[in-house]
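Please read the structure below before turning to the comments.
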Amino acid sequence: MKKKVVSLLVAAMTVASLTACGNSGSDAPAANQEPAPAEKQEADPAPAESQAEAPAESQAEAPAPAADGGTISVGFAQVGHESDWRAANTKNYQDTFSAANGYELSFVDCDNDHAVQIETVRGFIEQELDYICIAPIQSAGWDTVLQEAKDAGIPVLIVDRAVDADPSLYTTALGCDMVAEGEAAGNWLAEYLNGGDANILVIEGSVGASATLGRTEGFNNIVSQNANWKVLDSQSGDFTQAGGQEVMESFIKSYSDFNVVVCQNDNEAYGAMDAMDAAGITYGVDGDVTIISFDATHDGLQYTLDGKITCNVECNPLQAGFAEDVIKKLQAGEAVDAWTLVVDEAFVAPGITSKYAVTMSQEVLDGRAY
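Start counting the sequence shown at 2; every next residue gets the next number (my numbering).
As structure tokens, this is what we get:
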């Protein structure tokens, strides 16, 4: 095992209580805060095309297991703290790669800055950490630093989101299938409308994020199959509540005939609901507008249970255990899969039955870990 430099555990996140249920700088809709439970969690990744074409297993050379049973150093370059999902994902990594579990975690919140994230990874390489986990802010621009990590002999795990890079430059990738998530939302809407018209507004996630690209592609795959559907507009809300509200306010000024709003994460949905509340527009099961959201955070599912979000497609933030399984295999000198899928579900409001989604209930909500 390489000699480890003391990790910095850089917690640049401004989230005061980083729990899977904590709110990371965003709140549920102002008019609806009281029913929201304390627990919160965004999302985000489909395997990139390069990942889908990757060989079934990776034979990347891994550090030899520590003969003295010493700690394993892991660097995690996190996207940021833009959503409740991200807060839950961060906490999951911090809990999993803890000193009590035999790890030394160097964590950096890159605050949605791609350049900062690249330099963070370079810092991990200079520290000669044993493993590097990257949740990429953008899918492009990774080849050079990934080559540097490979040259240094440090296995790299691409987690949550995907990169547009030669898969031979990293050891493995894991996360949710974002294209499949988008298709799940579209298939459910087609079932729900049963041939009815759809005038759709889309609040996308962060520009260039694989979650944004995948969910957009998947949903548009289904839009193209329905001649009476029309996407009126699609703009980025940057996966934040404030962004979702701002985009929805702009949409309301420009369009009056929409009946479906697709938000690419729960925080954006909260902002969209705030904007529609202020404009006197009804939404949900008993309203004029159907809201589709992604992530299925605890609060997002509370609003689904309340009938305000009609369909919520999950993106599981508890992914650190999958990363740890990979590291344990590499420590043992075993081959690992090139891609590990984290399976998702979709949920719909009470009273709705669907072959594509689970009908929400209090029991389902109580069983959520994030």
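Cβ coordinates follow ideal geometry from the N, Cα and C atoms, glycine included. Predicted, not measured: the structure shown is a model, and the values here were computed from it.
Classify residue i as helix, strand or coil using the three-state DSSP reduction.
i	result
GLU58	Residue placement at GLU58 is flagged as unreliable, the pLDDT there being 46, under the threshold of 50; the coordinate-derived value follows with that caveat. The answer is strand: DSSP assigns GLU58 an E or B state.
LEU130	coil
GLN303	helix
ILE73	strand
ASP1	Nothing in the structure corresponds to residue 1, since the chain is present only between 2 and 371.
SER355	coil
GLY103	coil
ILE138	coil
ILE119	helix
ILE328	helix
VAL1	A query on residue 1 cannot be resolved here, the shown segment of the chain reaching from 2 to 371 and no further.
THR360	strand
VAL365	helix
LYS151	helix
GLY308	coil
CYS22	Interpretation of CYS22 is limited by its pLDDT of 32, a score under 50 that renders its predicted location unreliable; the figure taken from the coordinates is listed afterwards. Correct three-state label for CYS22: coil.
State the start and end residues of the unbroken beta strand (DSSP E) segment that holds residue i.
i	result
ASP85	No beta strand (DSSP E) holds ASP85; the alpha helix (DSSP H) holding it covers 85-97.
ASN200	199-205
ALA174	173-176
Kindly identify the DSSP beta-bridge partner or partners of residue i.
i	result
ALA347	VAL314
ASP110	GLN79
ASP296	GLU315
THR291	VAL261
THR145	Per DSSP, none; premise fails for THR145.
Span of the alpha helix (DSSP H) holding residue i?
i	result
ASN222	211-224
LEU319	Note, LEU319: premise wrong, no alpha helix (DSSP H); not H, not E.
LEU170	Here LEU170 belongs to no alpha helix (DSSP H), and DSSP marks it neither H nor E.
TYR1	Since the first residue shown for the chain is 2 and the last is 371, residue 1 is missing from the structure and cannot be characterised.
Assuming residue i and residue j are in contact, meaning their beta carbons sit under 8 Å apart, how far apart are those beta carbons, in whole angstroms?
i	j	result
ASN268	THR241	6 Å
GLN246	GLY272	3 Å
THR173	VAL359	Contact doesn't hold; Cβ gap of about 30 Å is too wide.
ASN188	ILE223	6 Å
SER74	SER107	7 Å
ARG123	VAL109	Actually they are not in contact, since the Cβ atoms of ARG123 and VAL109 sit about 11 Å apart, beyond 8 Å.
PHE259	THR305	The Cβ separation is near 20 Å, so there is no contact.
PHE252	ASP275	Their Cβ separation, rounded to whole angstroms, is 13 Å, which puts PHE252 and ASP275 out of contact at 8 Å.
GLY219	ALA181	6 Å
GLY154	GLU205	Their Cβ separation, rounded to whole angstroms, is 38 Å, which puts GLY154 and GLU205 out of contact at 8 Å.
ARG216	GLY176	Going by Cβ atoms, the distance from ARG216 to GLY176 rounds to 13 Å, so no, they are not a contact pair.
ASP345	ASN313	The pair is not a contact, with the Cβ atoms about 11 Å apart (cut-off 8 Å).
When you compare the CB of residue i with every CB in chain B, is at least one pair closer than 8 Å?
i	result
SER235	In summary, chain B is missing from the structure at hand, where a single protein chain is found.
>> Just to confirm the assignment: which complete alpha helix (DSSP H) runs, minimum length 4, are found wholly within the region 229-289?
In response: 242-255, 267-280
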